[in-house]
Every structure is written in C-alpha cells, then in structure tokens.
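First comes the structure, then the notes that go with it.
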Amino acid sequence: MDISESFWNTSLEELKRGYIQESDSYICLLCGEKIENGIIYPYDGIFYEAERYMRIHIESTHQSVFDYLINLDKKLTGLTDHQNQLLRLFYQGKGDKEVQAEMGIGSTSTIRHHRFALKERERQAKIFLTLMELLKEKDQYAPAFVPPHKTAKMIDDRYAVTEAEQREIIKKFLPEGINGRLTQFPPKEKQRLIIIREIKGKFEKDRIYTEKEINQILEDIHEDYALIRRYLIEYGFIERKSDGSQYWLKK
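The opening position of the sequence shown corresponds to residue -7 in my numbering, with each subsequent residue numbered one higher.
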C-alpha cells in the first residue's frame, strides 16, 4: 500500500506505537487497518477491546513497528545497508561482541564507535526535525507533496510531485477517473508514475489475479495493457510469480 498522509503527519509517539486514535476507531499507520472502538475482537481464543486488538494486529501482521520501518526503502530511512544491519542486531539485544562476530568487522571498539555515530545522528535528526517544524510555521509558500508509496523500488525526482500537480495530471490523462480510459499514455516519467499509481486503485488488496484478469482490467483503460502491466510491476505496485501465473498488490 501507499504510505498514508497520516503516517507522515503523525507525532513521534504515535509513530512509535504504530497507530492513531480517532473518535470512533484506531487506525494502523502501517497498513491502514481500521479497528472500531466499542467492539470486542476475538484472537486466538481470547477477546480483546479495540486498542489492545490493534496492538495485536501490529504484532501479528507487521511483527513490530521497528520491523516495518527498518524494511522501508533506504531512500525513506536514510540508512546505509551497514547501518540497517547494525540497528537490526542492536534491536535484537545483541552485545558489541556478538554484533562484531556476526558482522565480521573490526573489534568490539569498532562496534562501540558505530553506536556513538548512530547516537550522533539521532542528535542531528532531533535538531533537523525541530528546524523543519519551525520552518512550517513560517513557510507559507511550501507546496504539499504527495508521499511516495512504501513499495517504491527507487525514489528519485519522479516522486517530487505536489498534490496540485497530481490533480492536474490525472485530470489531463484520466478525465473520467480510473473507470474511464486514458486520453493517451503519458510521455514523461513523472506523469506515468502519477497515472500508474492512480490505475493501481482498480485492484483489490489481498486478492490474487491471473494474468488474463489483469489484462482484462487494464484493457478497459488503454489498448496497450501489457505496457501498463509492466509499469505497475516496475514502479512496485504489483508483484507476480516468476511464471506469470499470479499477480497481487504489494503491501
């Protein structure tokens, strides 16, 4: 699924727990699952109130908020592969000697240095977040950008899209929405990304499609359904089996 606007706008404490509370429900920031307040939910033979059940949902579906976040694309986390692995091992509760042995690097003092570097980065991140919060109060001309989707394979300039740009491009190429047809296949990469992201809305999550079903749905939008299908896969919206027998929306 796409990373929601709520995910980006939430507080640090809300993001840490992985869900937000609305007047009548709890909403998972990681997948959008909505748990209604006032209802008792069964799980593994035990009944739970809504908020506790939301925590169970996060554990059973995403393992933890940490696991979800650490598996995001490095363009979203800003972590190198090396830093990602270190954080995973630290989160597992492993000591410096264990981490050094598992990663096969330097010595325990090397690992302590990495811990210090990560702590330094945390301090820098706090200052940067504060600066951005202060900027928001003053920058009246800042455009509202569309957040990239979680399953994006590579985040680059194509994703620098404002909400106004998105509306204009959809209106130009899909004037009747996803139930209509493309006026033409977008010539520019940024336009293609926006349109392919919109077309993704024709597919249901948690449903398996055959290639024939995929083609039939896409043919209603554009005659070159194979091209649309290829971009859905290339941009990370749809996954498929290597033999092409099954397709599904990526989460």
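Yeah, the Cβ is synthetic: ideal placement off N, Cα and C, and Gly gets one too. None of the values given here were measured: they were computed from a predicted structure.
Excluding five sequence positions before and after residue 41, the CB atoms of its chain that fall closer than 7 Å to its own CB belong to 32, given in chain order.
With contact defined as three or more Cβ pairs closer than 8 Å, the region 98 to 117 and the region 148 to 164 are not in contact.
A distance below 8 Å separates the beta carbons of residue 184 and residue 223. In the same chain as residue 186, and ignoring 5 residues on each side of it, the C-beta atoms closer than 7 Å to its own belong to 153, 158, 161 and 162, in chain order. DSSP places residue 66 in no beta strand (DSSP E) but in the uninterrupted alpha helix (DSSP H) bounded by 66 to 69. For residue 192, there is no enclosing beta strand (DSSP E), as DSSP gives it neither H nor E.
The C-alpha of residue 38 lies about 14 Å from the C-alpha of residue 49.
At a Cβ-Cβ threshold of 8 Å, residue 220 and residue 210 count as neighbours. Excluding five sequence positions before and after residue 194, the CB atoms of its chain that fall closer than 7 Å to its own CB belong to 170 and 209, given in chain order.
Take residue 60, set aside five residues on each side of it, and the residues of its chain with a beta-carbon closer than 6 Å to its own are 22 and 54, in chain order.
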